[in-house]
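Residue numbers for the sequence shown follow the working numbering, beginning at 38 and rising by one. Virtual Cβ for every residue (Gly too), placed ideally from N, Cα, C. Nothing here was measured: the structure is a model prediction, and the numbers come from that model. Heads up, the thing below is written out as structure tokens.
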Amino acid sequence: MTASEDADTFEVLAAQLETEGSLMDADPSKGELPDLDPTLVPADVRAALEAILIVASDPVAPTVLAQLLEVSVETIEALCEYLADSYAQEERGFTITRVAGGFRYQTADAQAPYVERFVLEGQTTRLSAAALETLAIVAYKQPVSRAQIASIRGVNVDGVARTLQQRGYIKEVARDPGPGNAAMYGTTTLFLERIGIDSLKELPNLSDFVPDAEVAETLEAVLRGDDEDGAAPETDAGSEDLSSPT
């Protein structure tokens, strides 16, 4: 190691010792916190901090981060502020923010329009089967309450209904005059746009999707196991009515 390298090493060590000494001399109760230099924090500590905040679902308290990374709380706070400033200077799409007494990653304010577009449009290209079934019930039975939808589907629909409402496909259109004044839901203009119709009158007739009595009886027989082969007899009516609508 050259004399120049020795000098550089001693300068770094001296700076670290000076920082540690100032921390010991400071009185937190009087608000006497020294100015920390986050650039002196080892790279692996910075990387670990970022990794923890990425996987955390809730804000992480600085005391928890300090314990995990084996550094002081003041170091954590200075490092988070330093990283947030670095992200801003680099015009990154995310930042570190202090929320509810802890730190977490969140999108940068400048990217809000794009994030909103992604949430409202990019994620609505596909709906689950449960969501589509619920949406169909609202479309044909509106105005309808969540309880009525749940009665038809046989399962709780609170989560699905909330998702459809957040994505703009359904909305509250009235209140049930009966006990509880339950919210009644109907479809929105966005719903019409997405399925390509001008009004609800253009919805396909439900009778087009209901099998006739003969097919229904055959299906029930198969489900009961009345047919020895376990399959429904082949009939022209059955093949037509059970085909997927186009």
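Alpha-carbon to alpha-carbon, residue j and residue i
i	j	result
Asp213	Val181	9 Å
Val101	Ala184	43 Å
Leu70	Arg204	Model confidence at Leu70 stands at a pLDDT of 41, short of 50, so the residue's coordinates are unreliable; what they give is reported in the following sentence. In a straight line, the C-alpha of Leu70 is about 47 Å away from that of Arg204.
Asp122	Arg154	26 Å
Ile186	Val136	38 Å
Ala149	Ala250	54 Å
Thr171	Ala198	7 Å
Lys178	Phe140	46 Å
Glu209	Leu256	37 Å
Asp157	Asp235	Rather than Asp, the amino acid found at residue 157 in this sequence is Leu. Roughly 21 Å separates the two Cα atoms.
Ala173	Ile189	11 Å
Glu239	Tyr119	58 Å
Ser8	Ala258	As shown, the chain starts at 38 and ends at 283. That puts residue 8 outside it, with no answer to give.
Gly217	Ser94	35 Å
Glu127	Tyr142	16 Å
Ala85	Ala103	11 Å
Ala80	Gly138	25 Å
Val252	Gly191	23 Å
Asn242	Gly215	30 Å
Gly233	Glu254	35 Å
Ala211	Val247	29 Å
Ala219	Val92	38 Å
Pro231	Gly196	The displayed chain sequence assigns Arg, not Pro, to residue 231. Distance between the alpha carbons of Arg231 and Gly196: 21 Å.
Thr226	Arg163	18 Å
Pro99	Glu111	8 Å
When the options are compared against residue i, the one with the closest alpha-carbon
i	options	result
Thr144	Tyr124, Gln185, Tyr119	Tyr124
Ala168	Gly233, Ile207, Val92, Lys178	Ile207
Leu77	Ala187, Val92, Ala93, Leu116	Leu116
Leu229	Asn218, Val175, Asp146	Val175
Leu237	Thr224, Ala166, Gly130, Phe246	Thr224
Ile113	Val97, Asp146, Glu128	Val97
Leu90	Thr134, Ser109, Pro216	Thr134
Leu106	Arg129, Val92, Glu127, Val82	Val82
Val152	Phe131, Ser165, Val92	Phe131
Ser165	Glu87, Leu201, Asp235, Leu86	Leu201
Ser109	Ala211, Asp74, Asp235	Asp74
Arg129	Ile234, Asp146, Ala93	Asp146
Tyr222	Glu87, Ile232, Val194	Val194
Bridge partner(s) assigned by DSSP for residue i
i	result
Glu209	Tyr222
Ser182	Met221
Quick check for students: name the residue ranges of the alpha helix (DSSP H) that lie wholly in the segment 94–167, counting only runs of 4 or more. Entirely contained in the segment 94–167, the alpha helix (DSSP H) runs reaching 4 residues are, in chain order, 99–106, 110–126, 149–157.
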